[in-house]
Amino acid sequence: MQEQAIAWRQAGDAIGFVPTMGALHAGHDSLVARARRENQRVIVSIFVNPAQFGPNEDFEAYPRPFEVDYARLDALGADAIFHPPVEQIYPPAFKTHVDPGPLAEVLEGKSRPGHFAGVLTVVLKLFNLTQPKRAYFGQKDFQQVILVRQLVRDLGLPIRIVACPTVREPDGLALSSRNAYLDPAQRAAAPAISRALDAAALSFGKGQAHPAEHESTARSALEKIPGSTIEYVAVVDPTTLRTPARAIAGSVLAVAVKLGSTRLIDNVVLGAERL
Numbered sequence: 128m129q130e131q132a133i134a135w136r137q138a139g140d141a142i143g144f145v146p147t148m149g150a151l152h153a154g155h156d157s158l159v160a161r162a163r164r165e166n167q168r169v170i171v172s173i174f175v176n177p178a179q180f181g182p183n184e185d186f187e188a189y190p191r192p193f194e195v196d197y198a199r200l201d202a203l204g205a206d207a208i209f210h211p212p213v214e215q216i217y218p219p220a221f222k223t224h225v226d227p228g229p230l231a232e233v234l235e236g237k238s239r240p241g242h243f244a245g246v247l248t249v250v251l252k253l254f255n256l257t258q259p260k261r262a263y264f265g266q267k268d269f270q271q272v273i274l275v276r277q278l279v280r281d282l283g284l285p286i287r288i289v290a291c292p293t294v295r296e297p298d299g300l301a302l303s304s305r306n307a308y309l310d311p312a313q314r315a316a317a318p319a320i321s322r323a324l325d326a327a328a329l330s331f332g333k334g335q336a337h338p339a340e341h342e343s344t345a346r347s348a349l350e351k352i353p354g355s356t357i358e359y360v361a362v363v364d365p366t367t368l369r370t371p372a373r374a375i376a377g378s379v380l381a382v383a384v385k386l387g388s389t390r391l392i393d394n395v396v397l398g399a400e401r402l
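Counting in the numbering used here, the sequence shown runs from 128 upward without gaps.
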């Protein structure tokens, strides 16, 4: 993979890279399509990264429909699909891990200790193997985007990180590979997550500036979802991930909710039109 990527770069081709864990959906399609528009070559990785799963999470159960994913990416015009085995990414002598620092200790990082160390370690290795000029990530995982940008900035990587809008089902549910875990009743209830965010965004649009009010609006709506467990509801500054004194345009309201055993995340940028 690295030899091919270097050959493309030496030929003057810009590489767009889309890292995925497979089980692809329309959200991934949008990332690949944008990479296709903006680069001469597109590489998509499919790698279910064990380092970002906790001991009680769904690594073994995570869907791996590779043949279906391959056909999808072929139709989208990907130039290369990188689908390495775990032992190739993490051989027995592998020792080096990225420490993502304090931004990884809140929100997702607080709920999933060690998650972002695993994410940034594999992302850095994938960047080195695929040699991209641009890498594409979804806004649904906005904390991941912030931390990958920190990685690129701190280590001086010559890569532009492109954040793309969250893609949603017609009923508002953010697309996620984990949506496949939802039973029919849970799937019917799940769009209430998006509606809770929209309700808080509406209150911001009416002039409410206190973060706690937006969090309370969203939490009240989320608590009405049958069988749900709220992990966090937080308004944060999009750079520091701290709760601001006042919510301003650009502040992010982020939530994590479990429906049964399925964990779903979503967010909305206050003051921005829903994308």
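The C-beta atom is built at its ideal place from N, Cα and C for all residues, glycine as well.
{"Asked": "Closest Cα partner of E342 within the set A326, H155 and Q270", "Found": "A326"}
{"Asked": "C-beta atoms of T147 and V171 nearer than 9 Å", "Found": "yes"}
{"Asked": "Q215 classed as buried or exposed, judged by whether at least 16 other C-beta atoms fall within 10 angstroms", "Found": "exposed"}
{"Asked": "Nonlocal neighbours in the same chain, by C-beta distance under 8 Å from L402, ignoring five residues either side", "Found": "With a pLDDT of only 40 at L402, under 50, the local geometry of the prediction cannot be trusted, and no value is derived from it."}
{"Asked": "Inter-residue Cα distance where the pair is L324 and D268", "Found": "15 Å"}
{"Asked": "9 Å Cβ cutoff met for H152 and S303", "Found": "yes"}
{"Asked": "Cα-Cα separation, Q131 to F221", "Found": "23 Å"}
{"Asked": "Inter-residue Cα distance where the pair is G143 and Y263", "Found": "7 Å"}
{"Asked": "Residue burial classification, V382 (beta-carbon count within 10 angstroms, cutoff 16)", "Found": "buried"}
{"Asked": "Under 9 Å between C-beta atoms of L349 and A319", "Found": "yes"}
{"Asked": "Residue nearest to T367 in terms of C-alpha spacing, selected from R305, E232 and S238", "Found": "E232"}
{"Asked": "Delimiting residues of the alpha helix (DSSP H) encompassing E194", "Found": "F193 to L203"}
{"Asked": "For L274 and R305, the rounded distance between their alpha carbons", "Found": "22 Å"}
{"Asked": "Boundaries of the beta strand (DSSP E) in which N394 is found, first to last residue", "Found": "T389 to V396"}
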